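One structure is given here, and the rest of the page talks about it.
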Amino acid sequence: MKALFLLTICTALSALLAFSNRFAHEKQFITKSPDQQFVMEAAEGGMLEVKLGELASQKGVSNEVKSFGKTMVADHTKVNDELKALAQKKQITIPTAIGAKKQQKYDSLAALNGEQFDMLYMNMMIASHEQTIGLFQTESNKGEDAELKKWADSKVPALKHHLEMAKKLFKASPGAAKH
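Numbered according to mature numbering (1 follows the signal peptide of the UniProt record, and there is no 0), the sequence shown spans residues -24 to -1, 1 to 155.
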């Protein structure tokens, strides 16, 4: 029953992520240049990583999840600060808080406890980093601003490292063995 519940949550989050990716992709052509859209999405995603990391360092059951959360806070705070400075230089206004969809993700995780919290957090980190790697690689390959392209490219190795760490923790978690 517990495994079915977690599978249902993971499936729902995957569908939500796919829908939000499609909406964000379509929206960029209406309102902003691809470079501006990248900065906006990267800024909001980075803020969510920090908030989720803070939550994991407080509510995580395993020491590994708590430690991973702290790493996400430290690494993404540094990257967020770099992005803020770069955006300011490029005269791009970035959001100061996460939007409603990302807040829903945060709220859904905050409502959980125990192994369910750890499992969903690590699952979210896998999905989030996969999405973020795609976002940064797209900017690196197709962006128009040379400085943003170079900056995005320089962050991909660390994002890939975070993804691998998240996958290892997810596979090692007690609930993962039940799937």
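Using N, Cα and C, we set each Cβ at its ideal position, and we do this for glycine too.
All values derive from a computational prediction rather than experimental measurement.
Margin query: Using 7 Å as the threshold, is the C-beta distance between P71 and A19 below it?
Written below: In contact: P71 and A19 (Cβ atoms closer than 7 Å).
Next item on the list: In the DSSP assignment, find the unbroken alpha helix (DSSP H) run with T108 in it and report its ends.
Entry: It spans G90 to K118 - the alpha helix (DSSP H) in which T108 sits, taken as one unbroken run.
Check: Expressed to the nearest angstrom, what Euclidean distance is found between the alpha-carbon atoms of V15 and Q67?
Finding: Taking the straight line from one Cα to the other gives about 11 Å.
Margin query: Comparing C-alpha positions only, which one of S9, D11 and G29 sits nearest to M101?
Written below: The option with the nearest alpha carbon to M101 is G29.
Checklist line | T69 burial status per 10 Å Cβ neighbour count (16 or more: buried) | finding: Classification of T69: exposed, given that the 10 Å Cβ count is below 16.
Next item on the list: With a cut-off of 8 Å on the beta carbons, I'd call L139 and E106 a contact; round off their distance for me.
Entry: Between the beta-carbon of L139 and that of E106 there is about 6 Å, and that keeps the pair under the 8 Å contact cut.
Next item on the list: Flag this pair as yes or no: are the beta carbons of H52 and G75 separated by less than 7 Å?
Entry: No; because the gap between Cβ atoms is not below 7 Å, this pair is not in contact.
Next item on the list: Verify whether the separation of the beta carbon atoms of D83 and D11 is less than 7 Å.
Entry: Between D83 and D11, the C-beta gap is not smaller than 7 Å, which leaves the two residues out of contact.
Next item on the list: Answer yes or no: does any C-beta atom of chain B fall closer than 7 Å to that of S84?
Entry: The chain inventory of the structure shown lacks chain B, comprising one protein chain alone.
Note to self: Could you compute how far the alpha carbon of G45 sits from the alpha carbon of G119?
What the structure shows: Rounded to whole angstroms, G45 to G119 spans 30 Å at the Cα level.
Next item on the list: Please report how far the alpha carbon of E58 lies from the alpha carbon of G36, in whole angstroms.
Entry: E58 and G36 have their alpha carbons spaced roughly 28 Å apart.
Check: Exposed or buried, K144, counting other C-beta atoms within 10 Å across all chains shown (16 or more means buried)?
Finding: The residue is exposed, with fewer than 16 neighbouring Cβ atoms inside 10 Å.
Notebook entry, point to check: Taking the C-alpha atoms as reference points, what is the distance between Q80 and M98?
Noted result: Near 17 Å, if we compare the C-alpha coordinates of M98 and Q80.
Notebook entry, point to check: Three-state secondary structure (DSSP) at P71?
Noted result: It is coil, neither helix nor strand.
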